[in-house]
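Peer 1: Before I ask anything, let me first share the structure, which is written out below as C-alpha cells.
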Amino acid sequence: MYRIIPEPPEVAPQIDILLDRAFGPGRRKKTAQMLREGQRPASGLTLIAIENGRLVGTIRFWHLRVGGRVPALLLGPVAVDSDERSRGIGAALIRRGLAVARSQGHGAVILVGDEAYYRRFGFRAELARRMTLPGPVDRRRFLAMELIPGALAPAAGRVHPAGQPEPRRARRAA
Ligand SMILES: CC(C)(COP(=O)(O)OP(=O)(O)OC[C@H]1O[C@@H](n2cnc3c(N)ncnc32)[C@H](O)[C@@H]1OP(=O)(O)O)[C@@H](O)C(=O)NCCC(=O)NCCS
C-alpha cells in the first residue's frame, strides 16, 4: 500500500523524471508553468506518494494572487506513475493536499485541467470565469474551487504568482 508523505528534498530529481514521463517535453511551456517559474512551492503543500520505497505520485501547490489582492493556491502538477494509475493515488494526493490547504487557512485553489476529473473534488470552470491567466488557456480547463465559501467572490482579473522566490534567484537578487 502506498503512503502519502511530505516531499523530501532529495526526491526532487525523481519527481522531475516522473513529471517528464507524465507530461512530455512540453511541460515547461504550459501557461500554468508561468505561475510557478522561479517560485518556491507553498510550504507544507508538496506531497509524494511512495510505495515500497518507490516514488509513485507527486503533487505541489503554489501561492497566487488574483487581481492583485485575492490570495489563492495553484494546484499542480499532479502526476501518478503510469503503471500505478486508477488505484486512487491521484485522488488521495489531491484530497490530502486540499485538506492541508484548508487546515492552513487557504481560501481557494485554481488549476488548469480536465473538469471531468477535477469535478469530483469540487473544481468548476464557472468559478474561474472572471479570472485571466498570463498565457493561453482553454477556458473549459481553467477551474477553481473555494475552501472557504465566498473566498472567490471578489476574485477577478489577472492571476499572478505570489510565492517566495526560489533560493537561487534570491541569492542572485541579494
Ligand atoms: C490525472 C492523474 C494524476 C490521475 O491519477 P490516478 O492515480 O490514476 O487517479 P485516480 O485513481 O484517483 O482516478 C483515476 C480515474 O480518473 C480518470 N481520469 C484520469 N484522468 C482523467 C481525465 N483527464 N479526465 C477524466 N477522467 C480522468 C481515470 O480514467 C480513472 O477512472 P477509473 O477509476 O474509472 O479507471 C494521472 O492519470 C496522471 O498522472 N496523468 C498524467 C498527468 C496529468 O494529466 N496530470 C493532471 C494534469 S491537470
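Per numbering that gives the first Met the number 0, the sequence shown starts with residue 0, numbered consecutively. Note that CB positions come from ideal geometry on N, CA and C, so glycine has one too. Remember, it's a predicted structure, so these values are computed and weren't measured experimentally.
(1) Could you give the C-beta distance for THR45 and PRO70, rounded to a whole number, given that I count them as a contact under 8 Å?
(2) Taking only three categories from DSSP, how would you classify ILE93?
(3) Apart from the five residues on each side of it in sequence, which residues of its chain come closer than 6 Å, Cβ to Cβ, to ALA173?
(4) Use the C-beta contact count for GLY75: other C-beta atoms within 10 angstroms, 16 or more gives buried, fewer gives exposed.
(5) Alpha carbon to alpha carbon, what distance is there between GLY104 and ALA98?
(6) Ligand 1 and GLY52: does the residue's C-beta get closer than 8 Å to at least one heavy atom of that ligand?
(7) Whole angstroms are fine: how far does the CA of ARG2 sit from the CA of GLU50?
(8) By the three-class DSSP mapping on this structure, what secondary structure does PRO148 have?
(9) Which residues in the same chain have their Cβ closer than 6 Å to the Cβ of ARG59, if we skip the five residues on either side of it in sequence?
(10) Checking 9 Å against the spacing of the C-beta atoms, do GLY66 and PRO153 come in under that value?
(11) If you check the beta carbons only, do GLY134 and THR30 fall under 9 Å apart?
(12) Terminal residues of the continuous alpha helix (DSSP H) containing GLU114?
(13) Mind checking who ARG157 pairs with in its DSSP beta bridge?
Peer 2: According to the data block:
(1) Within the sequence shown, numbered from 1, the residue matching residue 45 stands at position 46. Within the sequence shown, numbered from 1, the residue matching residue 70 stands at position 71. In fact, because the Cβ distance is near 18 Å, the residues do not count as touching under 8 Å.
(2) In the sequence shown, counting from the first residue as 1, residue 93 sits at position 94. ILE93 carries a helical assignment under DSSP once its states are collapsed to helix, strand and coil.
(3) As a first step, residue 173 must be located in the sequence shown, where it is residue number 174. Its pLDDT being 41, under 50, ALA173 is placed unreliably by the model, and nothing is read from it.
(4) Taking the first residue of the sequence shown as position 1, residue 75 is located at position 76. Buried, since its Cβ has 16 or more Cβ neighbours within 10 Å.
(5) Counted from its first residue, the sequence shown places residue 98 at position 99. Counted from its first residue, the sequence shown places residue 104 at position 105. Each residue's alpha carbon lies about 10 Å from the other.
(6) Here residue 52 refers to the residue found at position 53 when the sequence shown is read from its first residue. GLY52: no, Cβ never under 8 Å from ligand 1.
(7) The residue labelled residue 50 in the question sits at position 51 within the sequence shown. The residue labelled residue 2 in the question sits at position 3 within the sequence shown. In a straight line, the C-alpha of GLU50 is about 6 Å away from that of ARG2.
(8) On the sequence shown, residue 148 is found 149 positions in, with the first residue counted as 1. PRO148: coil per DSSP, three-state reduction.
(9) Stepping through the sequence shown from its first residue, residue 59 is reached at position 60. The residues PRO40, THR45, in chain order, have a CB closer than 6 Å to that of ARG59 in the same chain once the five nearest residues on each side in sequence are set aside.
(10) Position 67 of the sequence shown, counted from the first residue, corresponds to residue 66. Position 154 of the sequence shown, counted from the first residue, corresponds to residue 153. It is a contact, given that the beta carbons lie within the stated cut-off.
(11) Position 135 of the sequence shown holds residue 134. Position 31 of the sequence shown holds residue 30. Their beta carbons are under 9 Å apart, which means GLY134 touches THR30 by this criterion.
(12) Locating residue 114 in the sequence shown gives position 115, where the first residue counts as 1. 114-117 is the extent of the alpha helix (DSSP H) around GLU114.
(13) Against the sequence shown, residue 157 aligns to sequence position 158. Note: ARG157 sits in a beta bridge opposite THR131.
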